[in-house]
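Protein sequences, first through last, are from chains A and B.
Going by the numbering used here, the first residue of the first sequence is number 1, and it counts up by one from there.
Going by the numbering used here, the first residue of the second sequence is number 1, and it counts up by one from there.
The block underneath contains the structure these notes are about, expressed in structure tokens.
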Amino acid sequence: MRDAEFFGRWMAAVAVSVEREADRLTELDSPIGDADHGSNLLRGFLAVRAALDAGVPPSPGAVLQLAGRTLIGAVGGASGPLYGTLLRRTGKELGDAPEVSDDALRKALYAGVGAVAQLGGAAPGDKTMLDALVPGVAALSTSYRAAAEAALNGALATVPLQARKGRASYLGERSIGHQDPGATSAALLLGALADTADSADAAAPAEDGE
Amino acid sequence: MSGTGSVEEGAALVGIVLVSHSAAVARSVSELASAMVAGGPAALVAVAGGTPDGALGTSAELIVAAARSVDRGAGVALIADLGSSVLTVKSLLLDEELPPGSRLLDAPFLEGAVAAVVTASTGAPLDAVALAAGEAYAYRKV
């Protein structure tokens, strides 16, 4: 089972990843976007970290809803409402249980990704964050690490795609050959989840382990 | 008057919010749309342009404040320009953070704003404002 503190550490781990990769995300966003993905997402997750430093809400669902609300308020670009919707819908699905199972988190993330697809009107193959999130969430039934790897592979697989959504879609065929920054940051989100789960599981061996 | 479309004296008007990545764009479009109503617009128009610190971008906080400032109970019509303006309004609507009766109009930003402000100023309901703004898409220039 995962408690609110676990989710707080996940969000803090995302902030660390985004901090480390902000320049690279902005670099990826330069040829096909408006070169602000790294700085926007960094501003958003630093705000999330500050909000959680002020007090971690009592349930996993409330942690993700706070993070989502904060992102929508702080980012200023499309990644704000998109990641904000992902986390807020996932948090709503988790409800107010003080602890949630890995299976409940998998189902909630599935709903969150569905909300992102609905909000942006995008589908896998459009060269968006969904190209990392959809395979990532599908692989959650195996493990968090498998999800992180599937998301990363999904992000790498956006290189030959032509963008059909967002600012990059105006470039048409010229968007081909560049890795999508949104799919790349989505892989960071699931990578941070896998890292957080690894360290939690190392600290406390599985309850049913024998 | 007994016309079906007549407006009651003192009836609340639909409020209009213009959401742009740029404060200057939002302000200018508001000025232009308001200038299209003889004697000035009767409907309230508010802008949410750029971020609170004056940079380009979209601010959920400014959008919520603008929508509340023009809400008179007859609904609020929001018109947005690009990407994150549209997505932020949609996410605020999903989370019910905008006044009841708020709606994102499917309309081009400038032409839709003119049509919406003119229509709302006649006392038309939100459906009619939305229709008028959306019809701006059908105006071919060549």
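No residue lacks a Cβ here, since even glycine has one placed at the ideal position from N, Cα and C.
Per DSSP, the bridge partner or partners of residue i
i	result
B/S20	B/G49
B/A143	No answer is possible for residue 143 of chain B: it lies beyond the span of chain B, which begins at 1 and ends at 142.
A/E99	A/D3
Segment limits, alpha helix (DSSP H) that includes residue i
i	result
B/K141	First-last for B/K141: undefined, no H or E at that position.
B/E96	Premise fails: B/E96 is in no alpha helix (DSSP H) and is neither H nor E.
B/V64	A60 to V70
B/T122	No alpha helix (DSSP H) holds B/T122; DSSP gives it neither H nor E.
Beta carbon proximity, residue i to chain C, threshold 9 Å
i	result
A/R88	The chain inventory of the structure shown lacks chain C, comprising the protein chains A and B.
Contact test: residue i Cβ vs the ligand SAM heavy atom, cutoff 8 Å
i	result
B/A46	As far as ligands go, the structure on display features none, and thus does not contain the ligand SAM.
- Message: Taking contact to mean 3 or more Cβ pairs, one atom from each stretch, closer than 8 Å, check whether the stretch 109 to 123 of chain A and the stretch 12 to 29 of chain A are in contact.
- Response: These segments do not touch.
- Taking only beta carbons into account, state which residues of the stretch 87 to 99 of chain B come closer than 8 Å to chain A, listed in chain order. Taken in chain order, the members of the stretch 87 to 99 of chain B whose beta-carbon sits within less than 8 Å of a beta-carbon on chain A are L87, T88, K90, S91, L92, L94 and D95.
- Would you say the stretch 58 to 77 of chain A touches the stretch 90 to 101 of chain A, given that touching needs at least three Cβ pairs under 8 Å? Yes: at least three Cβ pairs fall under 8 Å.
- Query: Between the stretch 102 to 134 of chain A and chain B, which residues of the former have CB atoms less than 7 Å from a CB of the latter, in chain order?
  - Reply: In summary, the residues of the stretch 102 to 134 of chain A whose CB is separated from some CB of chain B by less than 7 Å are L119 and G120, in the order they occur in the chain.
- Message: What are the residues in the stretch 15 to 43 of chain B lying within 8 Å of chain A by C-beta distance?
- Response: Within the stretch 15 to 43 of chain B, no residue has a Cβ that lies closer than 8 Å to any Cβ of chain A.
- Message: Ignoring anything shorter than 4 residues, give me the alpha helix (DSSP H) runs that lie fully in the stretch 135 to 208 of chain A, in order along the chain.
- Response: For the stretch 135 to 208 of chain A, whole alpha helix (DSSP H) runs of length 4 or above, ordered along the chain, are 144 to 156 and 181 to 203.
- Item | Meets three-Cβ-pair contact criterion under 8 Å: the stretch 34 to 51 of chain A and the stretch 92 to 106 of chain A | At 8 Å Cβ cutoff, the stretches do not touch.
- Query: For the stretch 68 to 85 of chain A, which residues have a CB atom closer than 7 Å to at least one CB atom of chain B, in sequence order?
  - Reply: Flagged, chain order: I72, G73, G76, G77, A78, G80, P81, L82, G84 and T85.
- Task: Take every Cβ of the stretch 88 to 98 of chain B, pair it with every Cβ of the stretch 114 to 129 of chain B, and state whether three or more of those distances are shorter than 8 Å.
- Result: The stretch 88 to 98 of chain B is not in contact with the stretch 114 to 129 of chain B.
- Message: Ignoring anything shorter than 3 residues, give me the beta strand (DSSP E) runs that lie fully in the stretch 38 to 111 of chain A, in order along the chain.
- Response: Within the stretch 38 to 111 of chain A, not a single complete beta strand (DSSP E) segment reaches 3 residues in length.
- Message: Please list, in chain order, the residues of the stretch 50 to 67 of chain B that have any C-beta partner in chain A closer than 9 Å.
- Response: Under the 9 Å Cβ criterion, the stretch 50 to 67 of chain B contributes G50, T51, A55, L56, G57, T58, S59, A60 and E61.
- Message: Below 8 Å, how does it come out for the stretch 96 to 111 of chain A and the stretch 67 to 78 of chain A: are there three or more Cβ pairs, yes or no?
- Response: In short, these stretches do not touch, since the Cβ pair count stays below three.
- Query: Taking any Cβ of chain B, which residues in the stretch 157 to 178 of chain A have a Cβ under 8 Å from it, in chain order?
  - Reply: If you check each beta-carbon in the stretch 157 to 178 of chain A against every beta-carbon of chain B, the ones closer than 8 Å belong to G166 and R167.
- Message: I'd like to know if the stretch 13 to 22 of chain B and the stretch 189 to 199 of chain A are in contact, where contact means that at least 3 CB-CB pairs between them fall below 8 Å.
- Response: Touching, no, given that fewer than three Cβ pairs across the two stretches are closer than 8 Å.
- Contact set between the stretch 70 to 85 of chain B and chain A, restricted to residues whose Cβ is under 7 Å from the partner: If the cut-off is 7 Å between Cβ atoms, the stretch 70 to 85 of chain B has G83 and S84 near chain A.
- Indicate whether the contact test is met: 3 or more Cβ pairs, each with one atom in the stretch 16 to 29 of chain B and one in the stretch 37 to 53 of chain B, closer than 8 Å. Flag = yes, the stretch 16 to 29 of chain B and the stretch 37 to 53 of chain B touch.
- Within the chosen definition, does the stretch 61 to 77 of chain B reach the stretch 96 to 115 of chain B through at least 3 CB pairs nearer than 8 Å? In short, these stretches touch, since the Cβ pair count reaches three.
- Message: Across the stretch 154 to 171 of chain A and the stretch 125 to 132 of chain A, are there enough close Cβ pairs to call them in contact, namely three or more that are closer than 8 Å?
- Response: Contact between the stretch 154 to 171 of chain A and the stretch 125 to 132 of chain A is present, because at least three Cβ pairs lie under 8 Å.
- Can at least three beta-carbon pairs, one atom from the stretch 131 to 138 of chain A and one from the stretch 181 to 189 of chain A, be found at a separation below 8 Å? Output reads yes: the stretch 181 to 189 of chain A touches the stretch 131 to 138 of chain A.
- Take every Cβ of the stretch 5 to 15 of chain A, pair it with every Cβ of the stretch 49 to 61 of chain A, and state whether three or more of those distances are shorter than 8 Å. A contact between stretches requires three or more CB pairs, one per stretch, nearer than 8 Å, and the stretch 5 to 15 of chain A meets this requirement with the stretch 49 to 61 of chain A.
- Can we say the stretch 33 to 41 of chain B touches the stretch 56 to 70 of chain B, given the rule of at least three CB pairs closer than 8 Å? Look at the beta carbons and you see the stretch 33 to 41 of chain B not touching the stretch 56 to 70 of chain B: under three pairs across the two are nearer than 8 Å.
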